[in-house]
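> From first to last, the protein sequence lines stand for chains A and B.
The first sequence maps to residues 13 to 261 in our numbering.
The second sequence maps to residues 7 to 301 in our numbering.
A virtual CB, placed ideally from N, CA and C, is assigned to each residue, including glycine.
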Amino acid sequence: MPELATAKAGPPPELATRPMLRVAALQAWYGESHILHGVDLEIRPGELVTLLGRNGAGKTTTLRSLMGMVPRREGSVVLEDQETIRLPPHRIARLGMAICPEERGIFASLTVEENLLLPPQLRSGGMDLQAVMELFPNLQERMSSQGTKLSGGEQQMLAIGRILRTGARLLLLDEPTEGLAPVIVQHIGATIHRLKAEGFTILLVEQNLKFASSIAERHYVMDRGRVVDEIPADRFQSSMPQLQTHLGV
Amino acid sequence: MTTVFGVPIQALFSQLLVGLINGSFYALLSLGLAIIFGLLNIINFCHGALYMLGALVAWLLLRFFDLGYWPALLIAPLVVGLFGMLIERTMLKRLQGLDPLFGLLLTFGLALVIQGVARNYFGVSGEPYDVPEQLTGGRNLGFMFLPNYRAWVVLVSVVLCGLTWFVAERTRMGAYLRAATENPVLVQAFGINVPRLITITYGLGVALAALAGVMAAPIYRVNPLMGADLIIVVFAVVVIGGMGSILGSIVTGFALGVIEGLTKVFYPEASNTVVFVIMAIVLLVKPAGLFGRTA
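1. So within the segment 68-143 of chain A, which uninterrupted beta strand (DSSP E) runs reach at least 3 residues, ignoring any that extend past its ends?
2. Could you spell out the range, first to last residue, of the beta strand (DSSP E) harbouring Met-179 of chain B?
3. Ile-111 of chain A versus chain B: which residues are under 7 angstroms apart at the beta carbon?
4. Helix, strand or coil for Pro-253 of chain A? Go by DSSP, reduced to three states.
5. Can you give the Cα-Cα distance for Ala-40 of chain B and Tyr-155 of chain B, rounded to whole angstroms?
6. Determine, using beta carbons only, whether Thr-72 of chain A and Ala-40 of chain A come nearer to each other than 8 angstroms.
7. Any contact between the segment 212-222 of chain A and the segment 185-195 of chain A? By contact I mean 3 or more CB pairs, one from each, below 8 angstroms.
8. Let me see if you follow: with CB-CB separation under 8 angstroms, is Leu-39 of chain B close to chain A or not?
9. Counting only Cβ-Cβ distances shorter than 8 angstroms, please list the residues of the segment 197-229 of chain B near chain A, keeping chain order.
10. Would you say Thr-178 of chain A faces chain B, with C-beta separation under 8 angstroms as the test?
11. Can you tell me the Cβ-Cβ gap for Leu-68 of chain B and Gly-60 of chain B, rounded? I've got them flagged as a contact below 8 angstroms.
12. Applying the criterion that 16 or more other CB atoms from any shown protein chain within 10 Å of the CB defines a buried residue, is Arg-76 of chain A buried or exposed?
13. Spatial neighbours of Gly-298 of chain B within its chain, please: CB distance less than 8 angstroms, with the 5 preceding and 5 following residues excluded, ordered by chain position.
14. Distance, Cα to Cα, Leu-38 of chain A vs Ile-200 of chain A?
15. In chain order, what residues of the same chain lie with their CB nearer than 6 angstroms to the CB of Ile-243 of chain A, ignoring the 5 residues before and after it?
16. Do we get a CB-CB distance below 8 angstroms when we pair Glu-44 of chain A with the residues of chain B?
17. Go through its chain and collect everything with a Cβ distance to Leu-152 of chain B's Cβ below 6 angstroms, but skip five positions before and after it.
18. For Glu-94 of chain B, I'd like the list of residues in its chain whose CB is within less than 6 angstroms of its CB, leaving aside the five on either flank, ordered along the chain.
19. CB-CB under 7 angstroms to Gly-180 of chain B, same chain, minus the five flanking residues each way: which ones, in chain order?
20. Taking one C-beta from the segment 232-248 of chain B and one from the segment 278-291 of chain B each time, how about it: are there three or more such pairs within less than 8 angstroms?
21. Closer than 8 angstroms, CB to CB, is Ala-185 of chain B near chain A or not?
22. In the DSSP assignment, find the beta strand (DSSP E) that holds Arg-34 of chain A and state where it starts and stops.
23. Please go through the same chain and pick out, in chain order, the residues whose beta-carbon is closer than 8 angstroms to the beta-carbon of Leu-134 of chain A, but skip the five residues on each side of it.
24. At which residues does the beta strand (DSSP E) containing Leu-64 of chain A begin and terminate?
25. Does the segment 162-172 of chain B come within contact of the segment 93-107 of chain B, defined as at least 3 CB pairs closer than 8 angstroms?
26. Could you check what DSSP says for Leu-6 of chain A in three-state terms: helix, strand or coil?
27. For Val-24 of chain B, would you say it is in contact with chain A, using Cβ-to-Cβ distances shorter than 8 angstroms as the test?
28. Any C-beta of chain A sitting closer than 8 angstroms to the C-beta of Leu-253 of chain B?
29. Can you find the residues in the same chain that come closer than 7 angstroms, C-beta to C-beta, to Ala-17 of chain A, ignoring five residues on each side of it along the sequence?
30. Between Val-3 of chain B and chain A, is any beta-carbon pair separated by less than 8 angstroms?
31. Whose CA, out of A:Ser-156, A:Val-233 and A:Ala-193, lies closest to the CA of Ala-1 of chain A?
32. Within a Cβ cutoff of 8 angstroms, which residues of the same chain sit near Glu-59 of chain A, ignoring the five residues on either side of it in sequence?
33. In chain A, which residues lie with their C-beta within 8 angstroms of the C-beta of Ala-181 of chain B?
And the structure:
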């Protein structure tokens, strides 16, 4: 995709094995409820990793904790050699991590265009607006509509599209296919593939096992606020029985 | 003499003007309240006291530093705005995420403290503050006499309201503000320093009130309780316009001022209550307010 060649080339080979994100003993609380009880995971540059687990296992809370979007968190979250556990969300964002939240977080009081341009460019190397529009041509005609007037699929595209401009290299995508029609799920899948090819590192929360296995290189399985298993893509089929018990499907 | 419904046209227009003047202050104050409520989810009960503080600072500047109306128009909002930021940073910030009732109680208490201190030093009779000499006099429009200073107040108020609306609805800062009103945590995760945005917004809302206070000084005298009387009506304006709606508070502010003025002409007995009657009707028919979004 030459028109998308705005992204930087991958890291030099000697760095490729150094983790982009290293999470150790991450705990998180909402008020009195203790949600995460010690999450450990690592993501290398350019990887696409999923977080699997049943409802309430702590997947969404893990993503929100990585961004600092929970009232209280402890442990260690190292993003490209920088400890972020004590940083507020806006400082974490500036280190190159961005989130596409589960509820999509499209702002009703903003137009599609304002939604798209809301996240500021924090670092160099982000996509330009044109490249984002090429990924999601549907958005082009709806630029002046109210953000929440879009269909579910379009809102999802908007939610992904707006964080591509920021220069963030690590994307946290929370169930981007949830509640969408199969043809849209395919489009989102193809888009995530392209983003990976562009060199983005992606941590994806997914309920749809088929979708997850079709695009990711590794899977972390969560249960009751912990990572309980790690499954590489080539062991995915053989690990199915194990997965079934954790996911309760 | 020309009359309308048995009322001399002169009286009608002069009450309309009084209504427009009052409406200017309603609009400026409710605008700040609306923005602050939207972003901080706090009903800023000390808004009236800060409006008074604006007028008081102008009077002090004249008395002790020989700085007149024009410098005061700039300095008073700045001083009071900074004071507001201090309040936000040291007190309101701690109430984040709690029931709005806590914010209401705290700011109500602050209003009493500020007014009490002012009363202690300046009494309740009020101090006169002269109209700046460039704006003395007035012109005869044929159907009425228009004092220059009053025309100036209405003009400045309209311009400021328009400017605030423009910033909130058409600029990047405004987009941050609207987005942070909906979902502050997500906006912060996009890399925007939301706590700072909140402090600045509170400061600007308060500065707007202080500016209104300076403009009010030559009209109503500088009185420690001048804000206490006004704020009740302004809250009614905010409720009628819709909590948090910027356009709503501007339009409702001016409209209610005018309606109040007209009531004074046609049925003076009701002029003090008409705003609240309208508020009751609006609450019954459209509880979210005329311009409010229903959640």
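Let's see:
1. Taking 3 residues as the minimum length, the beta strand (DSSP E) runs contained wholly in the segment 68-143 of chain A are 84-91 and 109-112, in order along the chain.
2. As a position in the second sequence, residue 179 of chain B is number 173, starting the count at 1. Element bounds for Met-179 of chain B: not the beta strand (DSSP E) but the alpha helix (DSSP H), 178-188.
3. In the first sequence, counting from the first residue as 1, residue 111 of chain A sits at position 99. Those are Ala-195, listed as they occur along chain B.
4. For the purposes of this step, residue 253 of chain A is identified with residue 241 of the first sequence, where counting begins at 1. Taken through DSSP and simplified to helix, strand or coil, Pro-253 of chain A comes out as helix.
5. Residue mapping note: residue 40 of chain B aligns to position 34 of the second sequence, counting from 1. Residue mapping note: residue 155 of chain B aligns to position 149 of the second sequence, counting from 1. Ala-40 of chain B and Tyr-155 of chain B have their C-alpha atoms roughly 27 angstroms apart.
6. As a first step, residue 72 of chain A is located in the first sequence; it is residue number 60 there, counting from the start. As a first step, residue 40 of chain A is located in the first sequence; it is residue number 28 there, counting from the start. It is not a contact, given that the beta carbons lie outside the stated cut-off.
7. Enough Cβ pairs lie closer than 8 angstroms, so yes.
8. In the second sequence, residue 39 of chain B corresponds to position 33, counting from 1. For Leu-39 of chain B, no CB of chain A lies under 8 angstroms from its own CB, so it is not counted at the interface with that chain.
9. Flagged, chain order: Gly-197, Ile-198, Asn-199, Val-200 and Pro-201.
10. Within the first sequence, the letter at position 166 stands for residue 178 of chain A. For Thr-178 of chain A, the answer is yes, since a Cβ of chain B falls inside 8 angstroms of its Cβ.
11. Counted from its first residue, the second sequence places residue 68 of chain B at position 62. Counted from its first residue, the second sequence places residue 60 of chain B at position 54. Rounded to whole angstroms, the Cβ separation of Leu-68 of chain B and Gly-60 of chain B is 13 angstroms, and the two are not in contact under 8 angstroms.
12. As a working note, residue 76 of chain A is residue 64 in the first sequence. That one is buried.
13. Here residue 298 of chain B is taken as the residue at index 292 of the second sequence, counted from 1. Gly-247, Gly-248, Met-249, Gly-250, Ser-251, Gly-254 and Lys-292.
14. Here residue 38 of chain A refers to the residue found at position 26 of the first sequence. Here residue 200 of chain A refers to the residue found at position 188 of the first sequence. So the two alpha carbons sit approximately 29 angstroms from each other.
15. As a working note, residue 243 of chain A is residue 231 in the first sequence. Only His-231 and Ser-251 meet the Cβ criterion.
16. For the purposes of this step, residue 44 of chain A is taken as the residue at position 32 of the first sequence. Closer than 8 angstroms: no.
17. Taking the second sequence and counting its residues from 1, the one referred to as residue 152 of chain B is at position 146. Same-chain partners within the cutoff: Gly-144 and Arg-145.
18. Indexing the second sequence from 1 puts residue 94 of chain B at position 88. Within its own chain, the residues whose Cβ lies closer than 6 angstroms to the Cβ of Glu-94 of chain B, once the five positions on either side in sequence are excluded, are Thr-205 and Tyr-208, listed in chain order.
19. What you label residue 180 of chain B is simply residue 174 of the second sequence in a count that begins at 1. So the list reads Val-173 and Ala-174, once near-sequence residues are dropped.
20. Short answer: they touch.
21. For the purposes of this step, residue 185 of chain B is taken as the residue at position 179 of the second sequence. So, interface residue.
22. As a first step, residue 34 of chain A must be located in the first sequence, where it is residue number 22. Here the beta strand (DSSP E) through Arg-34 of chain A covers 33-42.
23. Walking along the first sequence from the start, residue 134 of chain A turns up at place 122. Closer than 8 angstroms at Cβ, skipping near neighbours: Ala-105, Arg-106, Gly-108, Thr-178, Gly-179 and Ala-180.
24. By one-based count along the first sequence, residue 64 of chain A stands at place 52. In the DSSP assignment, Leu-64 of chain A falls within the beta strand (DSSP E) that extends over 60-64.
25. With the cut-off at 8 angstroms, the segment 162-172 of chain B and the segment 93-107 of chain B do not touch.
26. An answer regarding residue 6 of chain A cannot be provided, because it is not within the stretch 13 to 261 covered by chain A.
27. Translated into positions along the second sequence, residue 24 of chain B becomes position 18. Contact with chain A is absent for Val-24 of chain B, since none of that chain's Cβ atoms lies less than 8 angstroms from the residue's Cβ.
28. Mapped onto the second sequence, residue 253 of chain B falls at position 247. Not one beta carbon of chain A lies nearer than 8 angstroms to the beta carbon of Leu-253 of chain B.
29. Within the first sequence, numbered from 1, the residue matching residue 17 of chain A stands at position 5. Confidence at Ala-17 of chain A is low in this model, with a pLDDT of 44, below 50, so its placement is unreliable and the value that follows should be read with caution. Closer than 7 angstroms at Cβ, skipping near neighbours: no residue.
30. Residue numbering for chain B in the displayed model covers 7 to 301; residue 3 of chain B lies beyond these limits and cannot be assessed.
31. The question about residue 1 of chain A has no answer, for chain A in this structure spans 13 to 261.
32. Within the first sequence, the letter at position 47 stands for residue 59 of chain A. For Glu-59 of chain A, where only same-chain residues beyond five positions count, the Cβ hits under 8 angstroms are Met-32, Thr-213, Ile-214, Glu-229 and Arg-230.
33. Taking the first residue of the second sequence as position 1, residue 181 of chain B is located at position 175. Ordered by position in chain A, the residues that pass the 8 angstroms Cβ test against Ala-181 of chain B are Leu-122, Glu-126, Leu-129 and Leu-130.
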